[in-house]
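Residue numbers (my numbering): 59 to 318.
As structure tokens, the structure follows; a few thoughts come after it.
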């Protein structure tokens, strides 16, 4: 009888510890990519050097509250807590992200059940910047590497096509500026049978619905001199986002995750 009691106590303890560990498990969503994804608030003196510039990854965490996790259950399962770990960095292509050891750092941190969301293409396509440029076949090969190594760790890869720039506009609609890179990303995702988000198409459609003038003024880094300490002479930048633009793109990504 004594042995039975000891056995029951042991089993109860294991169940309690198991429940505790389950509740404590935090699923990490790693973001890898370029400046349009990056978290500038991690940089020193952000308020005086970069604000209001944001990458959409910088404002992604608030979408993963306890009451909203059920909306992305198809991707994350029954998780209790999600942490966004934004490893994206300005100026990086798939190749330079790998060469600098940034991918190795993510790979070494990956745990089973985590997610890696990858959005490249802006810098891969920069033919004139040879230190960044990656041709289509190289771009696809680095995406394959990121995807396959993510799967090796038991984590989930999600491929994103590059987010739209604020040009070219024609007849009131925003057009694709990324050439063959968005389609190449989709082809790799289909080839390796992983989920993807066509953020290029989603963002072009969304910006077109808002109109060029509104998007230029409210979403991208275009403003007059003297408005922000980090940009005393003003700014004309149709690639990077102001805070509201970053939030809108983060919303597009989260909404797309719900449908995967």
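Virtual Cβ for every residue (Gly too), placed ideally from N, Cα, C.
Only a predicted model underlies this, so the values are computations on that prediction, with no experimental measurement involved.
Taking all protein chains in view, the Cβ of residue 240 is crowded by 16 or more other Cβ atoms within 10 Å, so the residue is classified as buried. For residue 169, the number of other beta carbons within 10 angstroms of its own is below 16, and it is reported as exposed. Annotation for residue 85: the continuous beta strand (DSSP E) segment containing it runs 85-91. Fewer than three Cβ pairs drawn from the segment 97-110 and the segment 154-163 lie within less than 8 Å of each other, which leaves the two stretches out of contact. Bridge partners of residue 254 according to DSSP: 217.
Closest by C-alpha distance to residue 250, out of 188, 204, 123, 91, is 204. Residue environment for residue 188: exposed (fewer than 16 other C-beta atoms within 10 angstroms of its C-beta).
In the structure shown, residue 130 adopts helical secondary structure according to DSSP, grouped into three states. Our two residues, residue 165 and residue 270, have alpha carbons roughly 39 Å apart in a direct line. When DSSP states are grouped into helix, strand and coil, residue 109 belongs to the coil group.
Given a length threshold of 4 residues, each whole run of the alpha helix (DSSP H) inside the segment 170-214 is given here in chain order: 194-210. Annotation: the continuous alpha helix (DSSP H) that includes residue 273 extends over 270-276. In the structure shown, residue 232 adopts extended strand secondary structure according to DSSP, grouped into three states. By the Cβ test, the segment 255-272 is in contact with the segment 217-234, since at least three Cβ pairs between them sit closer than 8 Å. The three-state reading of DSSP puts residue 281 in strand, counting E and B together. As computed with DSSP, residue 317 is found in no beta bridge at all. Counting along the chain, no beta strand (DSSP E) covers residue 289, and no H or E run does either.
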